[in-house]
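So for the sequence shown, UniProt numbering puts the first residue at 1; every next one is plus one. Note that beta-carbon positions come from the ideal geometry of N, C-alpha and C, so glycine has one too. Step one of this worksheet: look at the structure below.
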Amino acid sequence: MFFTFELSPFPLSLFTEERMRKGTKSSLFSAFSPTKIDAVQGKNNFVVVDGGHVLHKVVWQRNMNFENIAKSYLTYLQTHYGSNVAVVFDGYPSDVNGNSAKSAERIRRANLHSSHEIIFNEATCPETSQEQFLANERNKVRFIDLLKKFLQKANVTVKQAVEDADVLIVETAVSVKSQYDNIFVVGEGIDLLVLLTGLAPMKENLYFRKCGKGRKPYVLYSTTSFKYKFSRMILYIHAFSGCDTSSALFGHGKTKFCFLEKKPTPGKKCKSYLQIQKWLGHEKNPLEWGWVPTRFGLFQRKMERDAAPESLLKIISCNCKKRCKNACGCRKAGLICSSLCTCSLGEACENVSDISLLEDRIEDEDDTPSSINNFIYEVIEDL
1 MFFTFELSPF PLSLFTEERM RKGTKSSLFS AFSPTKIDAV QGKNNFVVVD
51 GGHVLHKVVW QRNMNFENIA KSYLTYLQTH YGSNVAVVFD GYPSDVNGNS
101 AKSAERIRRA NLHSSHEIIF NEATCPETSQ EQFLANERNK VRFIDLLKKF
151 LQKANVTVKQ AVEDADVLIV ETAVSVKSQY DNIFVVGEGI DLLVLLTGLA
201 PMKENLYFRK CGKGRKPYVL YSTTSFKYKF SRMILYIHAF SGCDTSSALF
251 GHGKTKFCFL EKKPTPGKKC KSYLQIQKWL GHEKNPLEWG WVPTRFGLFQ
301 RKMERDAAPE SLLKIISCNC KKRCKNACGC RKAGLICSSL CTCSLGEACE
351 NVSDISLLED RIEDEDDTPS SINNFIYEVI EDL
């Protein structure tokens, strides 16, 4: 009987104690064959640049105010890409974190590099480094707004997504493909190449230009660079093997999923399905697809059932009289306090769940998780 339970407060293959497991997304580049640069013909080209990439690519010089910094971005774009260029930035709406499946990833990134919020205008000279300044999301939002207005005055096409820019970048590239000989998407992340392959397959004049760090030369990929026959499943492979909104599997790199043998769990399929639908432009309620609300925003539901049989859980309780900190027996076992504990889940107890499920508020829809549990894997089996 015990083998039917996780016997852990969370699935160790999918989560660490703090968050969902993160894989090395860039390893998926090995599943793509670069395109020879001299094979690309035509001179009438258009470039779509990932705004997040260019924010860090242009190096801020000392003693420059923000107006001159904005000018340096314009000079960089004109020098490297000419006049046929569009820049697409991420969006950072203030009300999105409570309802966004990417809120957990943003919190994780913010915790890696924290910095102070700075109030500035065009005449202000930054007193911190470029990386420290941009590490604060509010600083980044204000600077993107300033840079957008400056570039638009110079007749540069600038777009900003509601949240993540990757889909809008690809859509922008596809929308002008008939007007130019070649379209180049410029960035660093594997997400852009995956979306180009999945959303714009067999488009001969669409390319992804992967910029190298420092002085490393860029690498060019086409929408047909994927080495395997099932390129139409690339969105699923990327989402299931771990992306910004889904867990990576411990000990399994992304390229291993090009040879799937076992069916994924229902919870894993739900989160992968939600991300794929978002890439395809179909908005779904994350609460119906493996996410739960907490006081910090949406986080992945770690398990569908108890960690152990009820008879075993009843044995575990704490005798804390206050706080329930590191010495708490429940906390040591990786469990939250229950009504069996002497702390009685009072206001002083710090080992309570942040999760507040809204199950009864969620309305049933025709495309519930149970109805698509086998959808993705069945497609793979048909290949």
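Rounded straight-line distance, which links the Cα of residue j to that of residue i
i           : j           : result
residue 332 : residue 326 : 7 Å
residue 40  : residue 46  : 13 Å
residue 238 : residue 60  : 34 Å
residue 335 : residue 168 : 41 Å
residue 197 : residue 323 : 52 Å
residue 277 : residue 51  : 23 Å
residue 97  : residue 287 : Caution is warranted here: a pLDDT of 47 is assigned to residue 97, below 50, making its placement in the model unreliable, and no coordinate value can be reported.
residue 58  : residue 343 : 55 Å
residue 63  : residue 126 : 8 Å
residue 216 : residue 205 : 24 Å
residue 181 : residue 116 : 45 Å
residue 178 : residue 282 : 25 Å
residue 49  : residue 72  : 16 Å
residue 38  : residue 284 : 43 Å
residue 132 : residue 120 : 15 Å
residue 137 : residue 199 : 29 Å
residue 330 : residue 352 : 10 Å
residue 176 : residue 183 : 8 Å
residue 280 : residue 28  : 20 Å
residue 229 : residue 328 : 53 Å
residue 151 : residue 337 : 54 Å
residue 162 : residue 92  : 7 Å
residue 44  : residue 81  : 12 Å
residue 319 : residue 227 : 58 Å
residue 321 : residue 68  : 59 Å
Helix, strand or coil at residue i according to DSSP, with G and I counted as helix
i           : result
residue 182 : strand
residue 50  : strand
residue 120 : coil
residue 89  : strand
residue 230 : coil
residue 68  : helix
residue 354 : Annotation note: pLDDT 48 at residue 354 (below 50); position unreliable, no value reported.
Under 9 Å between C-beta atoms of residue i and residue j
i           : j           : result
residue 128 : residue 66  : no
residue 164 : residue 90  : yes
residue 174 : residue 74  : no
residue 166 : residue 134 : no
residue 118 : residue 84  : no
residue 225 : residue 32  : yes
residue 187 : residue 53  : yes
residue 148 : residue 160 : yes
residue 203 : residue 223 : yes
residue 77  : residue 88  : no
residue 218 : residue 193 : no
residue 122 : residue 154 : no
residue 317 : residue 349 : no
residue 170 : residue 185 : yes
residue 189 : residue 26  : yes
residue 207 : residue 35  : yes
Distance cut-off 8 Å: residue i Cβ against heavy atoms of the ligand ADP
i          : result
residue 49 : Questions concerning the ligand ADP fall outside what the structure shown contains, since it holds no ligand whatsoever.
* To do: Could you say if the stretch 226-234 and the stretch 208-216 meet the contact criterion of at least three C-beta pairs nearer than 8 Å?
  => no
* Only counting runs of 4 or more residues, tell me where the alpha helix (DSSP H) segments fall wholly within the stretch 189-227, in order along the chain. => 190-199
* To do: Decide yes or no for the touch test of the stretch 20-37 against the stretch 133-151: beta carbon pairs closer than 8 Å, at least 3 of them.
  => no
* Taking only runs that begin and end inside the stretch 135-188, name each unbroken alpha helix (DSSP H) of 4 or more residues, in chain order. => 137-153, 166-175
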